[in-house]
Amino acid sequence: QEFVDEDTRTRVRHVILASVLIAGIQAALALTILSQDHTAGTVKGLLPYLFVGASLPACGFFGAARSSTPVMCCFCGTNLCLSVLEFGVILFQAYILLFWTDGDCSKPAANGP
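The opening residue of the sequence shown carries number 164 in this note's numbering; numbering runs sequentially from there.
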C-alpha cells in the first residue's frame, strides 16, 4: 500500500504498535484471570471479554494496514474516550479512599460524605 508522505507512515506505525500493545495487554489480563480460576464459568465469561477487548486493537490494525482514515479515527477517538473515562474512575477511587475511609480501607469513615 502506498502512503502519501512520511508523516502518514509514522502515524500508521504508531497505530499498529498501539494496537499490538493493547491486544497483548488484553491477552495477558485474560491469562491472569484464567490462571487464578479454571472453572467453566470463567472460561465462558472470558470469551466475550476477549472478543470486545480484541475488537478495538483489530479496528486500529486494519485501519492502519488498509490506510482507512475513518477506521483509524474511530480507533484513536475511542481510545481517547476510554482514557478520559479511566482517568475519571481513578479520580473517583482516590476520592473514596481519601474521604470515606479514615485511613483504614476495611471500614467506612465515621464522618463520611
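Don't be surprised by glycine CBs; every beta carbon is placed ideally from N, CA and C.
- Item | Selection from Ala-257, Leu-184, Glu-169 that minimises the alpha carbon distance to Pro-220 | Position 57 of the sequence shown, counted from the start, is the residue given in the question as residue 220. Residue Leu-184 is the option with its Cα nearest to Pro-220.
- Among Cys-244, Leu-210, Arg-176, nearest to Ala-190 - alpha-carbon criterion: As a working mapping, residue 190 is identified with position 27 in the sequence shown. When only C-alpha atoms are compared, the closest one is Leu-210.
- Item | Where Arg-176 sits in the DSSP three-state scheme | Position 13 of the sequence shown holds residue 176. Reduced to three states, the DSSP call for Arg-176 is helix.
- Item | Whole-angstrom distance between Leu-243 and Met-235, CA atom to CA atom | For the purposes of this step, residue 235 is identified with residue 72 of the sequence shown, where counting begins at 1. For the purposes of this step, residue 243 is identified with residue 80 of the sequence shown, where counting begins at 1. The straight-line gap from Cα to Cα measures roughly 12 Å.
- May I have a chain-ordered list of the beta strand (DSSP E) segments no shorter than 3 residues that lie completely inside the stretch 194–258? The stretch 194–258 contains no whole beta strand (DSSP E) run of 3 or more residues.
- Distance, Cα to Cα, Leu-180 vs His-201? Against the sequence shown, residue 180 aligns to sequence position 17. Against the sequence shown, residue 201 aligns to sequence position 38. If you draw a straight line from the Cα of Leu-180 to the Cα of His-201, it is about 31 Å long.
- Task: Grab me the residues of Gln-123's own chain with a C-beta within less than 6 Å of its C-beta, minus the 5 sequence neighbours each way, in chain order.
- Result: Residue 123 lies beyond the range of the chain shown here (164 to 276); nothing can be said about it.
- Query: Between the C-alpha atoms of Thr-255 and Asp-168, what's the straight-line distance to the nearest angstrom?
  - Reply: Residue 255 sits at position 92 when you count from the first residue of the sequence shown. Residue 168 sits at position 5 when you count from the first residue of the sequence shown. First, the amino acid is wrong: residue 255 is Phe here, not Thr. For Phe-255 and Asp-168, the gap between their C-alpha atoms comes out near 43 Å.
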